[in-house]
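Worksheet for the structure shown next.
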Amino acid sequence: MSHLVQRRRWPAISLLIASLLLLVATGPRALADEYSVTLDGLRDGSYVLIAGDPAGDLASPGPADWSGTSWTDLTNLYVTADAANLYIYADLPGYFFDAGDSGNDSSGTIGLAIDTDGLPDSGGGNDAWGTAISFGYTTINGFSNGNGFRPDYLIRGNVSNDGGWTELRTWAGNWDNGAGSNWGGINGGEIGSHIAYSFGNGVELAIPLADIGNPNPADVRLQFFATQDGGGKGAYDTIPSDDQSTGWDDATTQTQLVSVPLAVDPAGDLASPGPADWVGVAWTDMSRLHAWADDQNIYLFINSPAYDPAVSSGQLGLAIDTGPGGGNFDPWGNAISYDYQFTNQNLGSTPTAAANLPDYIIRGN
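Letter by letter, the sequence shown follows residues 827 to 1191 in this note's numbering.
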């Protein structure tokens, strides 16, 4: 099967629920029946944490030593989506403005690399703004795939203290598409049409899916970075963690992407009395499922931060629907039955009514 054929086919496979379970599984859950995101630089409750980076890891001598670049110490990246937009949020607790000392205010640029087609070497390998940042992504969600992915789209912007000009560049053999257009829409202040900053909080982007080729959000892979202008500047810091500058002027090559989750579930929702009350099954409280593919395989990643091989116990299950028909009971004899009525899309915000039964079940200890 060719890579292109595989790419067309796998998103149509309904991963009805990656229900890691002990004795009970539940169907996919939406973040909420109704919710909205306000583009204001503040993180709304519907955002889901997808990647992190240690605090306090800026280079010294380097960006760690000036208040104007201390904001580039990145820590957390979040996403959410609706039927029309992908929303990105990065915590920037060190981002500030002091009218009495504007020469030392936060200054610099942000970047968001976006891969949407999953094809090796199909995007741009260098930064559209001419820094010493290059792109050769070989790892998704911490798993090496052996391919060199490059961004198909690149959002680059000055922080709002520096005017907030933000471009969305599209790769078409070069990065010229989108140059000279203030896509972000900031024209004074901190809030524009597609990007917003909030001092002491973060930066938020609202990306119309139409602007990045109308992908399924689960096909989108991301990396956020912060730096300054200049031909010798590498990435001062990144989310997910990656190569970062060891000083003021040090080139970096970015290799780490994180995918937008296929499905999400609220954290902290285990039953009590029940599995919430025993450390051995605390691992069954999961919040997101990631899925991506190459020309031979579908890969899944389900976060389970509480998993501890010394104490964790239980079973896992993955129900997979690929076509008509299917079974409605658990092959391992647990009290789990299947009667799926919805297929979640856009991180749960726009479920589609469709009755399904799994054609395959993966079960394991």
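Backbone N, C-alpha and C fix where the C-beta goes; we use that ideal spot for every residue, glycine too.
Out of the options, which one is the CA nearest neighbour of residue i?
i            : options                   : result
residue 912  : 958, 993, 1033 and 1022   : 1033
residue 998  : 948, 981, 1009 and 1130   : 948
residue 1081 : 988, 940 and 916          : 940
residue 881  : 908, 915, 868 and 920     : 920
residue 903  : 909, 877, 1172 and 1130   : 877
residue 1017 : 985, 1003 and 1037        : 985
residue 974  : 983, 960, 987 and 980     : 960
residue 1129 : 1108, 1078, 1151 and 1005 : 1108
residue 981  : 970, 989, 988 and 993     : 993
residue 1185 : 1174, 1097 and 1144       : 1144
residue 1088 : 1177, 955, 934 and 869    : 1177
residue 996  : 1012, 1010 and 978        : 978
residue 1146 : 906, 952 and 1182         : 1182
residue 1090 : 943, 1173, 909 and 927    : 1173
residue 1006 : 1031, 983 and 952         : 983
residue 1065 : 1047, 957 and 1057        : 1047
residue 955  : 1012, 968, 934 and 962    : 934
residue 1015 : 1168, 888 and 922         : 922
residue 776  : 1022, 1023 and 1037       : Only positions 827 to 1191 of the chain appear in the structure, and residue 776 is not among them; the question remains open.
residue 937  : 990, 1126 and 1097        : 990
residue 1139 : 862, 966, 1106 and 909    : 1106
residue 967  : 1127, 1133 and 1134       : 1127
residue 871  : 905, 1085, 1079 and 962   : 905
residue 965  : 1093, 1009 and 1085       : 1085
residue 1153 : 1123, 1120, 1132 and 1188 : 1188
residue 1056 : 953, 875, 1110 and 915    : 953
residue 946  : 932, 1119, 887 and 1190   : 1119
For residue i, write down the residues that DSSP places opposite it in a beta bridge.
i            : result
residue 969  : 966
residue 1116 : 1127
residue 1149 : BP columns for residue 1149 are empty, so no partner.
residue 959  : 1078
residue 1052 : 936 and 1063
residue 1003 : 996
residue 903  : 877 and 916
residue 1142 : 1190
residue 815  : The question about residue 815 has no answer here: the residues shown for the chain are numbered 827 through 1191.
residue 941  : 1047
residue 1163 : 1155
residue 975  : 963
residue 1083 : 966
residue 911  : 1034
residue 1089 : 1115
residue 952  : 960
Within the continuous beta strand (DSSP E) that includes residue i, where are the two ends?
i            : result
residue 1168 : 1166 to 1169
residue 1029 : 1028 to 1034
residue 1178 : 1178 to 1182
residue 981  : 979 to 984
residue 1022 : 1021 to 1024
query: On the three-pair Cβ rule with 8 Å, is the stretch 1155 to 1164 touching the stretch 1108 to 1118?
result: no
query: Does the count of Cβ pairs from the stretch 1064 to 1076 and the stretch 1088 to 1102 closer than 8 Å reach three?
result: The stretch 1064 to 1076 vs the stretch 1088 to 1102: no contact.
Any 3 or more C-beta pairs closer than 8 Å across the stretch 961 to 973 and the stretch 1007 to 1027: The stretch 1007 to 1027 and the stretch 961 to 973 do not touch, with fewer than three beta-carbon pairs separated by less than 8 Å.
- request: Decide if the stretch 891 to 902 is in contact with the stretch 1049 to 1060; the criterion is three or more beta carbon pairs, one per stretch, under 8 Å apart.
  value: yes
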